[in-house]
Every structure is written in C-alpha cells, then in structure tokens.
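Okay, structure first, notes after.
2 protein chains.
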Amino acid sequence: MPERRIYLPPGKMPTAWYNVVADMKTPPAPYLHPGTRQPVGPDDLSAIFPDAIIGQEVATERYIDIPGEVIDAYNQYRPSPLHRALRLEQALGTKAKIYYKYEGVSPAGSHKPNSAIPQAFYNKKAGIKRLATETGAGQWGSSLALACNWFGLECTVYMVKVSYFQKPYRRTLMRLWGAEVFASPSDKTNTGREVLAQDPESNGSLGIAISEAVEDAAQRADTNYALGSVLNHVLLHQTVIGQEAYEQLKSVDEYPDIVIGCCGGGSNFGGIALPFIGQKLRGEAPKATRFVGAEPAACPTLTRGEFRYDFGDVAKFTPLVEMYTLGHTFMPAGIHAGGLRYHGMSTIISRLAHDGIIEPNAYTQNSCFSAAEIFAKCEGIVPAPESSHAIRAAIDEAILAKAKGTEPTILFCLSGHGFLDLASYESYIDGNLTDFELPEETLQAALAESAI
Amino acid sequence: MPERRIYLPPGKMPTAWYNVVADMKTPPAPYLHPGTRQPVGPDDLSAIFPDAIIGQEVATERYIDIPGEVIDAYNQYRPSPLHRALRLEQALGTKAKIYYKYEGVSPAGSHKPNSAIPQAFYNKKAGIKRLATETGAGQWGSSLALACNWFGLECTVYMVKVSYFQKPYRRTLMRLWGAEVFASPSDKTNTGREVLAQDPESNGSLGIAISEAVEDAAQRADTNYALGSVLNHVLLHQTVIGQEAYEQLKSVDEYPDIVIGCCGGGSNFGGIALPFIGQKLRGEAPKATRFVGAEPAACPTLTRGEFRYDFGDVAKFTPLVEMYTLGHTFMPAGIHAGGLRYHGMSTIISRLAHDGIIEPNAYTQNSCFSAAEIFAKCEGIVPAPESSHAIRAAIDEAILAKAKGTEPTILFCLSGHGFLDLASYESYIDGNLTDFELPEETLQAALAESAI
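Have a look at this one:
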C-alpha cells in the first residue's frame, strides 16, 4: 500500500525561491505608471514597498535566496505534507494517481503566510513600523496579521464590508493576532469617504479595499503596503509549494502529467505550477506536463477576460498591469470562493496563459462544492471554497483519464481548509447555493467601462 | 537554533496501543451493573459494543496490536507533529523547554479520531451497520461521523441541543461526512420524549444525550453505541499520542519533567500521559516526572468531586463507574470548553489521581483564554478552548520554573484547534467572557441528589 502522506524532512525545504521570469520566452510587460503611463521605476514604488520587495518584483535571476529568518518562520508549518488521495482514487475508480499538496496546515489555514512572512520580514528590516493591506474573506489579512505579529510590526487591514459582517471569524483571527481591522469602504481614507458619500450602504469590493490600503500606506512614512497575490514577488514567494512538491514526488519516483491550481490572483496556482513550468520551459521536464488553472464561472478572468493593460483597483491608484482582466470596475457575483473574486490576474500567469503554457477552465459554484463534498468524504479534509475549484478540475481529469484508458499522475494544490467556510457547506447541503454564469452583456459593459 | 517541529517518520508510528492497567498498582474497580450492582460481564455490554471493544475494555495485557486497517487510516494524519514552543518560551523569558504535541492536524481538528477510527473498524468487522453516539460541542460526533464514513457505517449523533443551535458548524461537518444529527433531547427515544414532556424548552446535556444514544443502540440489533472518552478502550486508543511524543522527544535527547493535558473525560490527557506514567510505574522513567491534569473551575471533577461509584449518564442506563464525580445530575455552567463539561472522569485517570500519580488543577475561563491568546500570538495556532486549559497549566509551570531558577522540560497535549470556536475568542477579546466558580452549596446539592 503506498503511503497516504509523503514527508519532506525539514532539512530538504527549499533555500531559494524560483523566479520563472528567468525562463519565460516573453517576459511579462512592465507595469505602467497610472498617471504618466510610462514604465514604473523603483522610485515610483518606494512610497509603499521596501527596496528588497521592489528588487524581487523586477528580478530576472532564476533563484533568490530565502533569508534564514524567513526559513525559520516557515518551519512553524513547512514543509507542508503531500498527500496521495488513495480513497478519492478508489471512489472515482480511476487509475490516475492523484496527489495534493496541502497548504491548509499553516496557522492561518492557507498558503498566504508563504508571502506574508517574507513581506513582513523585509519591511521590518527596512525600518517600517506598520503595514496596511486589504482582504476579502480574510485569508490574506489574517496571514499578514500573523506575520506582522511575529516580526513586531503593526498591521491595519481594510476588509471588504460584506465579509466583515457576514464572515466575522477571520476578522476575529486578525484581532487575535493583534491587527486593526476596518470595514471597507471606511471613513479612514479619501477613497472610502468618497464611496460612502455616493453610497452609504456600499458593501465594498476588493478593488475599493486595495485603494484604501494603498492610500493609507502612501500617506504615512512609517507605513508600507502589502498585497497577497497578483504581483511577481508574491508568486516568487509561493514557489516553495511547487519546489517542495517536486522533491516529495521525486522521493516516490513520480512526476506530474497534470498540475492544477485554483486561480484568483494567481498566487497558489503560481506557487504549485511555476517550478514545473520552469522545468518545461528549460526543456528539463521528463513529461509533456499540462498546467490547468481553475477559476469560477462567476469571475472567469482567464477564460473570458481581455489580455491588455488595466488597473488593479477601482480608484486607479495601482500601476497599469498587462493581464487578463474583466475590467477594473467589474463586480463579481457573491460566490463563496471570496478569494477568487478579483477582476484581474497576475501578469506572469496571464502571459503564460496567453502563450498557451497554461490551460484555464471555469467551473460553477455547485459543481465545485459537489467536488469538495466527495473530497471531504474521502480524504477527510474540508477544503476552502477556493480550493474546491482545483478539486473539481482534478476529479474531471481523473474521470476523463478513466474514459480514455490513461493513467496520468495528477498534482493539485489544496490551498486551504474550509473550517471557516462551513456556512457555505450548510447552504450547499441544503440545496441553497446559486450558480452564477457571467452574462456576456455584463462582461462587455464592464470591459467597455474599464477601457483605459 | 533547535527545530520548531520534530518529525516522526510514518514508519516509526506505534504499532500497538499501551494499556496502563497492566502497570497500575491498584487497577480500576470493575464497572457495576446499573440494576443488579454486580460487576458487569461481557454479556451485559454486548448489546451495545462489539466483542473486540469489550475485550479491550477489560484487557490486562500491556500492549494490544493496532490492526493494519487502523494504522492505514491513522496515516491520513498521523504521526502528528511535536512542536517546540520557541516563541512562547522567548515571550515568557523562561529557561523551561516547552513542547506540545499537536492533535489538531486530524481532519476533524482534534485527537478524537484516534479512537473513532478503531471503534468504527471493530464495529464494521463485527457486522454492525450503524453506530449511535452523543456529542456536546461536536468534536467527538464529527470524528465518529468521519470514521463511520471511511468504514462504511451509518452514523447517528445526538447533539446537545444548545450546541446544535449555537455552534452549528460541527453539525455541518457531521452532515458533510454523512451522519444524521438530532438535537438532544429528541423525540426519537423514550429518554428524549420524557425530558421534553417535563420541559419542552430543555437545552439538553451530555448526560441526556448519552442516555438517548445508548437507548437507540440497545434497541436495534444492527446498531451499536460508541463513546468518545471516559472508557478504558478509548484511553487505550489515545495512547498513540504519548507513544509518538516519547519517540519524538527521544530523537532530540529529551524526556519530560512535567506532562500536561486538559481533562474532560480523560481521553487526551490519558493519551499523552499514560505511556509516560507507565514508565514511571515500572521504574523505567529517567526522571521523577509530574503529571498535571488541567480542568475547568466550572466543572472541577478531579479537584472537587467525590471518588466513588456513580452513573455516567442522567437516565442511569450506563454501568456504575468508580471515579471522581460531581454527581450524575450535575449541570455545569455554560463555559466555551464544551468538551470539559462532564460530571465524571475516566476510572483509570480517577484512580491514578486518587493514588497521587496525577496532580489535578482547576482554571477559570478567562485565565485559559488569556493563555490561549498568548499562545496564538506566539505559535500561530489558535487552540480549542478545551486545550487552552493545558496551555494555562504549561505557562504557569514555565513561569514558576523561572521564579525557582529551574529549567524543566514541559510537554503538553494541544488536543485541538479553535477554528470552530472563534465566536468565543471574539467574546474574550471584547471582554464579555464570564468566569464561573462552582459554589460549594451547588456542588454539595448535586452530590447529595446523585447519591447511589
């Protein structure tokens, strides 16, 4: 009987992050200044990021050493386990081998601390006293709260108002770890006050919350900004996931035929996929591995968005980024996978999808919860609604393999647990979940409104 | 820098459970039949337990082999990690070394699957189709739901009504894993109907829910009963915790001076402590290790209860057990550590406490949440309210060591995570938690009412 979990001794944890930009045939296009529309330089970013992070954002070397302090903090929960989904394989009657890398073992319950920790570390080292950030359902905000607490930084989180009130528990986590949490739109920033003046009942959005956090950070010299996805340095940090998975698979003589992750801003997908994509781009991969990005049908950035420059936020504070976008004013439907409700996508992931290296697929909410239910019954672990998209894709690939008579090795990232999302499971079990498909006219209107 | 987490390779997981009864100078007194008050025999128990479990309940051999199927299921989450609490040590400024064995990594989030899995396995093997059980906050019910699902058994859970409505998320877990969940008192049993006839608004209690589950199991030939704590076979199964911890500490040349666990019915405390207690009883321990049982001041069974025979449930269906008890009609105050709200205690733990091997201590609710807050800030992990009692005791020992100038090695069991208990943390942060001390007259009245 194969082992259900594959360990990686702490000493075999990666000591460098992998930077896929070094291996991309067409590197991502530069960010453009929101005012001048010229490529941004380090000076444009230094109001909100420390030099080390700016350097990583534009780095072209293949590997960047992980500082010892960051490795030490990673050791609180890393290396994360790689599971072989034996019960799931059996339930599906597939000869596909299904492996999942489980990032829900971090204290915050997702992969987000992989970047929160180095971001807090580099800001502390740069003499910064406080970080401002935004969060939707709270995975990123809670991770940054924890990392700031560990490195002795203050932390302020602008939390999308609808989540602040409807999903109070990650807010509690942030408070427990010492962060200050405001419902966004708030009265703390000009952006927030303007939104509230127009609509005092606004539920908020990730785009508004980003604008508030950036404004907060830009106005205080002791404060920087931190983002939990999309940017190159965030994907860089997350490559510990895929590098560990590679070593773990290697220890059982395996290499994936298919690598799968859910896609919101691209951070966990990039984390699991980029080290394998790099091997493929360098011609070092032993297989013609496919890379599948799983996104929600309600927010189908990669499958239905436009590949062009767009803003990362509603207030147009962020640089312009070349990426797949649904339009920076796009308001996604209220699916439970809050972490996938973003109009844009990492420029790296967007470029790789545009160049055909990554295959995107979109899935409806109920089909994802159905996959999550099967998974939970088999493997025990209750997945985060975001991660359920990757499970849906993995199950579909395994079923397809059965039909085709193939026996692929499938690897997916189980990016987090769903203990704080059980209300959505209750709705699912009771048959009360809605599927949202994005109407074409709504999409076209959002794209037109967001033309730059 | 020492490692923050100590791994145990899967191959070094224990292959036998340890039975402390083999080493006790005074073994626990026999259970008595509730009607005849004579020692119960196997026949008395066979209506609700399979033979293998009954055999383990009365076993006197020192080690009992763990079946391969159970080891395979354990491998879904075991061996569990042993953490060195380096940040906590630093925050306390102590020279004590603090280790914690983290059982929250199981799919259900606590140590409970360690016994749910073998109980489901043995019942399935005996041809049983369905298990009935009770649960308070839901740790045990969810663990049994998962184990039954894995081994192909139906599962019915009587969940104390106040938790059923106030803490719905473990109920969702049970449903997700395929169990049927009734609020207790229910209209499904005579016990439930009688309680409801007297008080239609009854909030229920663990004692009532046990009576309902036992009645359910006794009346259906295809159904057995399963209990998540107190009984000898449950503590036996939980000894995987302490055996693993012993191996993990040994790998870094450590042996505990103090072993700590929280005490509700005794299962996680027994799990971590009994293997070390056995070494002490056999004269094989390299140190004069102390064993501290941490219980709530609101339900102080070991510190203030009577050592005598009492019933395990309200309806007097269970055998009489020699144990520390607050009286089987005792209704504990509504503290958030639902798993510690039980009037009785494992007969093994009770005997060891009575004989001075175990030192019990009682802690108030706010002092435990305060310890949990410090722990969460340092170690990241949010503890279950039950586990916070063990943390309080460990922190107190570490502070005491600092005052005395000693450098003990402290080991405690972090029996579960608190992701499903964040509402109680919110109350704590907002200063809204109440401390309950049990008034002496209330205790005396409960003991008098429960005289047998």
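Those protein sequence lines, which keep their order, are chains W and H. Going by the working numbering, the first sequence opens with residue 939, and the numbers climb by one from there. Going by the working numbering, the second sequence opens with residue 939, and the numbers climb by one from there. Even for Gly, the Cβ is constructed at its ideal location relative to N, Cα and C.
DSSP places S984 (chain H) outside any beta strand (DSSP E), giving it a letter other than H or E. For C1306 (chain H), the uninterrupted alpha helix (DSSP H) run begins and ends at 1303-1317, by DSSP. The distance from the Cβ of I1215 (chain H) to that of L1111 (chain H) is about 33 Å, inconsistent with a contact at the 8 Å cut-off.
A Cβ-Cβ distance of about 6 Å is found for the pair V1190 (chain W) and I944 (chain W), placing them in contact under the 8 Å criterion. Its chain contains S1018, P1019, L1020, H1021, I1319, L1352 as the residues whose beta carbon lies nearer than 8 Å to that of Y1040 (chain H), once the 5 sequence neighbours on both sides are disregarded; these appear in chain order. The C-beta of F1357 (chain W) has 16 or more other C-beta atoms within 10 Å across all chains shown, which makes the residue buried. For a Cβ distance threshold of 7 Å, residue set M939 of chain H lies close to D1010 (chain W), ordered along the chain. Taking 9 Å as the cut-off, the Cβ atoms of A1223 (chain H) and Y1193 (chain H) count as close. In its chain, beyond the 5 residues on either side, A1046, K1050, P1051, A1054 have a beta carbon closer than 6 Å to the beta carbon of S1081 (chain H).
Across the structure, N1128 (chain H) and E1150 (chain H) are spaced so that their CA atoms are roughly 8 Å apart. With respect to L1219 (chain W), V958 (chain W) sits close: the two C-beta atoms are nearer than 9 Å.
In chain order, V1320 place their CB closer than 8 Å to the CB of L1360 (chain W), counting only its own chain and leaving out the 5 sequence neighbours on each side. If only uninterrupted alpha helix (DSSP H) runs of at least 4 residues are considered, those enclosed by the region 1322-1380 of chain H are 1323-1342, 1360-1367. Here E1375 (chain H) has A1235 as same chain residues with Cβ atoms under 6 Å from its own Cβ, once five neighbours each way along the sequence are excluded. In the same chain as Y1366 (chain W), and ignoring 5 residues on each side of it, the C-beta atoms closer than 6 Å to its own belong to F1307, in chain order. Within the region 1038-1086 of chain W, the runs of beta strand (DSSP E) that reach at least 3 residues and sit entirely inside it are, in chain order, 1068-1073.
The Cβ neighbour count for R975 (chain H), taken over all protein chains shown within 10 Å, is under 16; the residue is labelled exposed. In this structure, W:Q1303 is the residue among W:E1378, W:I1337, W:I991, W:Q1303 with its C-alpha nearest to the C-alpha of N1370 (chain W). Using beta-carbon distances, Y1015 (chain W) counts as an interface residue toward chain H, with a partner under 9 Å. Counting other Cβ atoms within 10 Å of its Cβ, D982 (chain W) reaches 16 or more and is therefore classed as buried. The C-beta of N1304 (chain W) comes no closer than 9 Å to any C-beta of chain H. Listed along the chain, the chain W residues whose CB falls inside 7 Å of the CB of T953 (chain H) amount to none; the nearest CB is some 15 Å away. For F1313 (chain H), no chain W residue has a C-beta closer than 7 Å to its own C-beta; the minimum C-beta separation is roughly 10 Å.
Residues of the region 1041-1071 of chain W with a C-beta less than 9 Å from any C-beta of chain H: V1043, S1044, P1045, A1046, G1047, P1051, listed in chain order. Within chain H, the residues placing a beta-carbon under 8 Å from that of T1110 (chain W) are L1360, A1361, Y1363, E1364, I1367, ordered along the chain.
Closer than 8 Å at the C-beta level to chain H, one finds these residues of the region 1317-1338 of chain W: E1317, G1318, I1319, V1320. Residues of chain H with a Cβ closer than 7 Å to the Cβ of Y1107 (chain W) are, in chain order, L1360.
Under the 9 Å criterion on CB atoms, L1114 (chain H) is classed as interfacial with respect to chain W. Against L1084 (chain H), the close residues of chain W are G1318, in the order they occur along the chain (beta-carbon pairs closer than 8 Å). Using a 10 angstroms sphere on the CB of D1251 (chain H), the tally of other CB atoms reaches 16 or more, which defines it as buried. Nearest Cα to G1282 (chain W) within the set W:N1087, W:V996, W:G1203: W:G1203.
In the DSSP assignment, N1128 (chain W) falls within the unbroken alpha helix (DSSP H) covering 1128-1136. The beta carbon of A1211 (chain H) is closer than 7 Å to those of G1180, V1197, G1199, F1229 in its chain, skipping five residues each way along the sequence. In chain order, G1047, Y1107, L1111, H1355, F1357, L1358 make up the part of chain H whose C-beta sits under 9 Å from the C-beta of F1357 (chain W).
For W1078 (chain H), no CB of chain W lies under 9 Å from its own CB, so it is not counted at the interface with that chain.
Interface residue (Cβ-Cβ distance to chain W less than 9 Å): N1370 (chain H) is not classified as such.
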